[in-house]
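Remarks on the structure that follows.
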Amino acid sequence: MQHVVPTVGSLVESCAKRITVLEDKLRADPEMLDLNEMETLCLDLGRAWGAVHHLNMVQSSSELRDAIEQVQPQVVELMANLSQSEPISKAYQSMAATLPAAQGENEVTRIVDSALRDAKLSGIFASPEDRERIKKLQMELSRLSHTFRSNVVASRGAWSHTVTDPKDLAGVPDHLLKGLAVNPEQWQEGPWKLDLTQSCMELVKYCQARPTRELLYRASIVVASTGEWDNSQGLVDILQRRQDLAQLLGYGNYADVSLASKSADSTATVESFLTALGHKAQGAARVELEELRALAQELDQLDDLKPWDTGYYAEKLSESLPRVSTFSYLSDLCWSRASKTKFKINSAEVQQYFPADHVMAVFFDFLTTLFGVRIQDATAELEPETLWDPHVRYFQVADADSNKPIASFFLDLYARPGAKSPGAWMDNCVDRSAHLKTVPVAHMVLNLQPPSGGTPTLMSLRDVETLFHEFGHALQHMLTTVAGINNIEWDVVELPSQFMENWVYHKPLLRRLTRHHESGKPMPESMIDSIVAARTFMSGSFTARQVFFSLLDLSLHVSPPTSAEEAVQRQQSMSEAFLARPLLPEDRFLLQFLHIFGGGYAAGYWSYKWAEVLAADAFGRFEEDGALAETAEGERKLEAIGREFRATILAQGGSQNPLRTFEDFRGRPVDYAAFYRQLNLDATQGQ
Ligand SMILES: [Zn+2]
1 MQHVVPTVGS LVESCAKRIT VLEDKLRADP EMLDLNEMET LCLDLGRAWG AVHHLNMVQS
61 SSELRDAIEQ VQPQVVELMA NLSQSEPISK AYQSMAATLP AAQGENEVTR IVDSALRDAK
121 LSGIFASPED RERIKKLQME LSRLSHTFRS NVVASRGAWS HTVTDPKDLA GVPDHLLKGL
181 AVNPEQWQEG PWKLDLTQSC MELVKYCQAR PTRELLYRAS IVVASTGEWD NSQGLVDILQ
241 RRQDLAQLLG YGNYADVSLA SKSADSTATV ESFLTALGHK AQGAARVELE ELRALAQELD
301 QLDDLKPWDT GYYAEKLSES LPRVSTFSYL SDLCWSRASK TKFKINSAEV QQYFPADHVM
361 AVFFDFLTTL FGVRIQDATA ELEPETLWDP HVRYFQVADA DSNKPIASFF LDLYARPGAK
421 SPGAWMDNCV DRSAHLKTVP VAHMVLNLQP PSGGTPTLMS LRDVETLFHE FGHALQHMLT
481 TVAGINNIEW DVVELPSQFM ENWVYHKPLL RRLTRHHESG KPMPESMIDS IVAARTFMSG
541 SFTARQVFFS LLDLSLHVSP PTSAEEAVQR QQSMSEAFLA RPLLPEDRFL LQFLHIFGGG
601 YAAGYWSYKW AEVLAADAFG RFEEDGALAE TAEGERKLEA IGREFRATIL AQGGSQNPLR
661 TFEDFRGRPV DYAAFYRQLN LDATQGQ
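Following UniProt numbering, the numbering of the sequence shown begins with 1 at its first residue and continues without gaps.
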């Protein structure tokens, strides 16, 4: 730990010197740019900093955090100087001019293009006055986004309501009541305090008292819309400045700025994709809403189903399905796939069937079948002190046919509260490089409970899905024959990860993945059925909302409104066009839409859906070609198509436009049919 500050410090220094020497050389002759030299320019610093970052994520300590705090500014400044370097950007420009156009796109043109795009997006090619204005706008935007976010947090945090009459919370499960009780020891008697946190909003699914549901719902749709935390002007200011910035950078609007680093070719393409999907989903959502209306009428003689009733009756409807739970209607402003697949009553029971060792062994075996790679534990080959925790394991990945080693990865499965960050992720430790002759190394990190008292580590369904998801990223990093995950447009990065998630719901594999940790029995077929059914429950309503958010986000960035009223009007009219039921006129959800005003998804909210469509369509080939059949022929096809997926999407990585790679695999451009099928939307006609 004591080495971090001096080591990183001296690496920053030597790297800065190399940058200066290179810049001098390129000023004298821009044609001296050498991509191999660029690859190694800050490689030692990059690796060291990557290792420090990794350690901080998995085995943090106050000493390490202090050390990072001390050196981080130097590293950030150096990286900013490198990306803002005019001589280097200009050298890329002259290299682009000399690349033979006849060769078309290749690994080199991709590197040069993305370097030029980043330079353009940071304003390097603008005039000196414009560069000043760009810098000023960027600073203002970062301040405005920060304020927008703080207002949402403060406004949400300021709302509360005390309930004293137990009748007002009838039907709310005990575990929620305990969380709401003012005095936890008197959770049955009350009083209870309601607020706008996710866990409190859960209660609209269970609360029989309609006025309580309405109260919470109404409070949740006007966050940050009045008084000291009003985001109305902030929203207009952000959109206006983004428009100004786009023009200074040489784009027509901010949607085009966002699109510059994505694979979709134009806003029009994205809009037409979303509109088609939206109408399809709206049709399905209307059917779902009718179902809820009928249920409300039948159960409670309710004639006017209101927005605060839908979550409640959806929950009731889900109870009529075996063990299926739904997502919250109020909290799905943000992506909530996690809660969508959560099991209400029996997640504990489901978990008994997923002992981690068994899941892992079956999963690795499946990867051999699907992609022709063999994964072997090689922890014993490492010196124990190379590992940051004794439970971490190290695996070699080899080609199953030739036995040639391809890559390796570290697997860090268990939670270490206080030292390890929560969540799950894949990180690239070493990249493949022909020039440096390195093979890929990955970090796979999960946060499972370690075995205790004779009980093995058990995984929830969500954990299993996460394992598959993160391995999708890791496989693209490890099985690349060229550029790996570097240089992939970010609307496509989630393609292999979401593709892998599909396999969790492939019944033959799901059956094999399960084995009760005590009885050794596979999961009962009825439980398997409900897991698969839960995936598409209410998917029309869910998709319609996501499409509505995406199109509204795009529209605001294509033609920014000049006033908050205009923004709200647009929100209203688009909700009429795309939801099964329009928003209430008093709904101000835009003023708390953090993904696009307080985060990095501006004019890019649609990319979630886009990656899902690609993943579903890739998986669709397995379905259409009979590779999912449980026959010898099906198995043979599974292996053949899986290897093609490996040779294209996993192997090509960022070395060519990912949509072209997709076409190489699919034999045609992207089609939405498989996605509709996956969500059960294909049975419903759009408008
Ligand atoms: Zn991911």
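Beta carbons are placed, not taken as given, at the ideal position from N, Cα and C, and that holds for glycine.
Determine the burial state of Lys-136: buried for a count of at least 16 other Cβ atoms within 10 Å of its Cβ, exposed for fewer. Locating residue 136 in the sequence shown gives position 136, counting from the first residue. Exposed, because fewer than 16 other Cβ atoms sit within 10 Å of the Cβ of Lys-136.
Mind checking which residues open and close the alpha helix (DSSP H) that includes residue 691? Nothing can be reported for residue 691: it is not among the residues displayed for the chain, which extend from 1 to 687.
At 4 residues or longer, what runs of the alpha helix (DSSP H) sit wholly inside the segment 99–163? For the segment 99–163, whole alpha helix (DSSP H) runs of length 4 or above, ordered along the chain, are 107–121 and 128–158.
Buried or exposed: where does Thr-466 fall if 16 or more other Cβ atoms within 10 Å of its Cβ makes it buried? Indexing the sequence shown from 1 puts residue 466 at position 466. Label assigned to Thr-466: buried.
Note down, in chain order, each residue of its chain lying with its Cβ closer than 7 Å to the Cβ of Val-204, except the 5 sequence neighbours on either side. As a working mapping, residue 204 is identified with position 204 in the sequence shown. Here the set comprises Arg-213, Leu-216, Tyr-217, Trp-308, Gly-311, Tyr-312 and Leu-330.
Cβ pair Leu-446, Tyr-414 closer than 9 Å: Taking the sequence shown and counting its residues from 1, the one referred to as residue 446 is at position 446. Taking the sequence shown and counting its residues from 1, the one referred to as residue 414 is at position 414. Yes; because the gap between Cβ atoms is below 9 Å, this pair is in contact.
Could you have a look at Lys-637 and say whether DSSP puts it in helix, strand or coil? Mapped onto the sequence shown, residue 637 falls at position 637. Per DSSP, reduced to three states, the secondary structure at Lys-637 is helical.
Rounded to whole angstroms, what is the Cα-Cα separation between Trp-192 and Thr-162? Along the sequence shown, read from residue 1 onward, the residue named residue 192 stands at position 192. Along the sequence shown, read from residue 1 onward, the residue named residue 162 stands at position 162. One C-alpha to the other measures close to 6 Å.
Give a single yes or no on whether Glu-612 has its beta carbon closer than 8 Å to a heavy atom of ligand 1. To locate residue 612, count along the sequence shown from 1; it is residue 612. Glu-612 Cβ: outside cutoff for every heavy atom of ligand 1.
Specify, as a first and last residue, the run of the beta strand (DSSP E) that residue 694 falls within. Outside the displayed span of the chain (1 to 687) sits residue 694, for which this structure offers no information.
Arg-515 and Pro-390 closer than 9 Å at C-beta: Indexing the sequence shown from 1 puts residue 515 at position 515. Indexing the sequence shown from 1 puts residue 390 at position 390. Taking the C-beta atoms as reference points, Pro-390 is found no nearer than 9 Å to Arg-515.
Near ligand 2: Ser-421 beta-carbon under 8 Å from a heavy atom: Ligand 2 is absent from the structure shown, which contains only ligand 1.
Thinking just about the alpha-carbon of each residue, which of Val-504, Val-52, Leu-121 and Met-57 is nearest to the one in Leu-84? Translated into the one-based positions of the sequence shown, residue 84 becomes position 84. First, the residue type needs correcting, since residue 84 is Gln and not Leu in the sequence shown. Among Val-504, Val-52, Leu-121 and Met-57, the Cα nearest to that of Gln-84 is on Leu-121.
Using only alpha-carbon positions, find the residue among Asp-230, Ile-111, Ser-60 and Ser-655 that is nearest to Leu-35. The residue labelled residue 35 in the question sits at position 35 within the sequence shown. Relative to the Cα of Leu-35, the nearest Cα in the group Asp-230, Ile-111, Ser-60 and Ser-655 belongs to Ile-111.
Chain-ordered residues, beta carbon under 6 Å from a heavy atom of ligand 1: His-469, His-473, Glu-494 and Ser-497
Simplified DSSP assignment, three categories, for Ser-541: By one-based count along the sequence shown, residue 541 stands at place 541. Ser-541 falls in the helix class under three-state DSSP.
Helix, strand or coil for Leu-519, going by three-state DSSP, please let me know. Indexing the sequence shown from 1 puts residue 519 at position 519. In the sequence as displayed, the identity of residue 519 is Ser instead of Leu. DSSP places Ser-519 in coil when its eight states are reduced to three.
Less than 9 Å between the beta carbons of Leu-78 and Leu-45, yes or no? Here residue 78 refers to the residue found at position 78 when the sequence shown is read from its first residue. Here residue 45 refers to the residue found at position 45 when the sequence shown is read from its first residue. Cβ distance < 9 Å, so Leu-78 and Leu-45 count as in contact.
To the nearest angstrom, how far is the alpha carbon of Ala-28 from that of Ser-60? Your numbering for residue 28 matches position 28 in the sequence shown. Your numbering for residue 60 matches position 60 in the sequence shown. Rounded to the nearest whole angstrom, the CA to CA distance from Ala-28 to Ser-60 is 45 Å.
In chain order, what residues of the same chain lie with their CB nearer than 8 Å to the CB of Leu-141, ignoring the 5 residues before and after it? Within the sequence shown, residue 141 is the residue found at index 141, counting from 1. Correct list, in chain order: Ile-238, Arg-241, Arg-242 and Leu-245.
So which of Asn-487, Asp-431, Gly-453 and Met-426 has the shortest CA-CA distance to Phe-468? In the sequence shown, residue 468 corresponds to position 468, counting from 1. Between Phe-468 and the set Asn-487, Asp-431, Gly-453 and Met-426, the nearest pair of CA atoms involves Met-426.
Helix, strand or coil for Ala-407? Go by DSSP, reduced to three states. The residue given as residue 407 occupies position 407 in the sequence shown. Looking at Ala-407 - three-state DSSP - the assignment turns out to be strand.
Helix, strand or coil at Asp-389 according to DSSP, with G and I counted as helix: Taking the first residue of the sequence shown as position 1, residue 389 is located at position 389. Coil, per DSSP.
Can you give me the C-alpha to C-alpha distance between Ser-402 and Gly-642, rounded to a whole angstrom? Translated into the one-based positions of the sequence shown, residue 402 becomes position 402. Translated into the one-based positions of the sequence shown, residue 642 becomes position 642. Each residue's Cα considered, the two are about 17 Å apart.
Can you tell me which of the three DSSP states Gln-376 falls into? Here residue 376 refers to the residue found at position 376 of the sequence shown. DSSP, read as helix, strand or coil, puts Gln-376 in strand.
Using 9 Å as the threshold, is the C-beta distance between Ala-544 and Phe-578 below it? Reading the sequence shown from its first residue, position 544 is the one you call residue 544. Reading the sequence shown from its first residue, position 578 is the one you call residue 578. Their beta carbons are under 9 Å apart, which means Ala-544 touches Phe-578 by this criterion.
Nearest neighbour of Met-523, chosen from Arg-535, Pro-508, Phe-537 and Ala-534 [CA to CA]: As a first step, residue 523 is located in the sequence shown; it is residue number 523 there, counting from the start. The residue with the shortest Cα to Cα distance from Met-523 is Pro-508.
Roughly how many angstroms lie between the CA atoms of Thr-326 and Asp-682, to the nearest whole one? By 1-based counting over the sequence shown, the position of residue 326 is 326. By 1-based counting over the sequence shown, the position of residue 682 is 682. Legend: pLDDT at Thr-326 = 37, less than 50; position of this residue unreliable, no value from coordinates given.
Using beta-carbon positions only, say whether Leu-679 and Ala-284 come within less than 9 Å of one another. Position 679 of the sequence shown holds residue 679. Position 284 of the sequence shown holds residue 284. Cβ atoms of Leu-679 and Ala-284: closer than 9 Å.
Decide if Asp-377 is buried, meaning its Cβ has at least 16 other Cβ atoms within 10 Å, or exposed. The residue labelled residue 377 in the question sits at position 377 within the sequence shown. With fewer than 16 Cβ atoms within 10 Å of its Cβ, Asp-377 is classed as exposed.
Count the C-beta pairs between the segment 480–496 and the segment 429–446 that are closer than 8 Å, then say yes if the count reaches three, no if not. yes
Which whole-angstrom value describes the C-beta separation of Val-12 and Ala-67, a residue pair presumed to lie in contact below a C-beta threshold of 8 Å? Within the sequence shown, numbered from 1, the residue matching residue 12 stands at position 12. Within the sequence shown, numbered from 1, the residue matching residue 67 stands at position 67. Going by Cβ atoms, the distance from Val-12 to Ala-67 rounds to 14 Å, so no, they are not a contact pair.
Could you please give the first and the last residue of the uninterrupted beta strand (DSSP E) stretch that includes Lys-25? Residue 25 sits at position 25 when you count from the first residue of the sequence shown. Where Lys-25 is concerned, there is no enclosing beta strand (DSSP E), although the alpha helix (DSSP H) it sits in stretches over 4–28.
Residue of Pro-456, Leu-475, Ser-452 and Thr-455 minimising C-alpha distance to Met-444: In the sequence shown, residue 444 corresponds to position 444, counting from 1. Comparing Cα-Cα distances from Met-444 to each of Pro-456, Leu-475, Ser-452 and Thr-455, the minimum goes to Leu-475.
For the beta strand (DSSP E) holding Leu-194, just list the boundary residues, first then last. Along the sequence shown, read from residue 1 onward, the residue named residue 194 stands at position 194. Its beta strand (DSSP E) spans residues 192–194.
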